[in-house]
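Numbering (this note's numbering), first residue to last: 164 to 516. We put the beta carbon where it would ideally sit given N, CA and C, even for glycine. Heads up, the thing below is written out as structure tokens.
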């Protein structure tokens, strides 16, 4: 359990210190955010704000994770390395997108097809690799069985597992990417989701089939280590939020939002709580649905819109809500959704006894 505290505290400290240093480097080089002309006019004042702060999130969380293990003397697990690979891969796709926006002055960066293809390739590698590397109990980081709050009796073939994981990774990474449109919105919501993974990881470790001999124990390969890594990610986001809160001194960019979204889906998959992902990342799901609804209705109705603008946060901006008001209220929605997810998780345990 000490590893969780060390990982969270170290990543928070590193993120707090590294982010302003990164801001100065980016400012000296003139690396700033491009703002879309078709977005809310109030966002034009943000043009030129340093971006690609997600690099700090990735460095802080991974460095703190390894430092925590060095301090405690606990071994590194395959599950954590696997999720890190997913984070780095998606972060690389996001970095390329940010590069095109900043250096090539293309405000939209990669095309939608290019970005989805890159994400799918990374997700495929994550899924295939995760089905290997058995431990002493013959458990692999990723299961062939569909999971709700634990593995069910529904076994999927390799191809189906890979396609399912591609869907989850693309949905989660793009969900965080769409949410990252207001100062502090995505990073604040991500903290809550990662903290819920800490709770789930610790609980599943305590009720692991390797430790307790009860009918409803959990067969998860590395639950406690995923709690450690989740704490590191939560701490990194908290430190970054200090500088990303309104008025933001830095944006995480696609390198950050795609990496964080990948971390959320990856941890949910290896913790065997795939079906809870919709609740634990409820705000990201809601905002993604607003874009799907807007796009679908626009095409079917010949140009009419459900919202003034999508993603959903911009709809409320155009209604006259202040940015800070929207962020706080959306954080409340995210917290309620995470609480509901944890309630469903614990409720299943109670019912199964």
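Which residues in the same chain have their Cβ closer than 6 Å to the Cβ of residue i, if we skip the five residues on either side of it in sequence?
i	result
residue 186	213, 412, 413
residue 258	418
residue 440	431
residue 438	311
residue 460	469
residue 399	174, 178, 220, 223, 224
Please tell me whether residue i and residue j are closer than 8 Å, where the distance is taken between their beta carbons.
i	j	result
residue 312	residue 507	yes
residue 431	residue 217	no
residue 352	residue 229	no
residue 327	residue 319	yes
residue 224	residue 349	no
residue 246	residue 278	no
residue 252	residue 193	no
residue 405	residue 179	yes
residue 409	residue 331	no
residue 170	residue 391	yes
residue 364	residue 341	no
residue 375	residue 434	no
residue 167	residue 361	yes
residue 515	residue 379	yes
residue 325	residue 290	yes
residue 498	residue 321	no
residue 314	residue 416	no
Roughly how many whole angstroms lie between the Cα atoms of residue i and residue j?
i	j	result
residue 220	residue 338	18 Å
residue 248	residue 473	31 Å
residue 184	residue 502	35 Å
residue 243	residue 467	45 Å
residue 462	residue 454	12 Å
residue 504	residue 359	9 Å
residue 165	residue 235	7 Å
residue 445	residue 426	15 Å
residue 298	residue 366	20 Å
residue 182	residue 513	43 Å
I need the DSSP call for residue i, collapsed to helix, strand or coil.
i	result
residue 296	coil
residue 409	coil
Note down, in chain order, each residue of its chain lying with its Cβ closer than 7 Å to the Cβ of residue i, except the 5 sequence neighbours on either side.
i	result
residue 345	476, 486, 489, 490
Entirely within the segment 314-387 and at least 3 residues each: give me those beta strand (DSSP E) ranges in chain order.
-> Listed in chain order, the complete beta strand (DSSP E) runs (minimum 3 residues) inside the segment 314-387 are 314-318.
Can you check the segment 465-507 for any beta strand (DSSP E) of at least 3 residues that lies completely inside it and give the ranges in chain order?
-> Runs of the beta strand (DSSP E) lying entirely within the segment 465-507, each at least 3 residues long, are absent.
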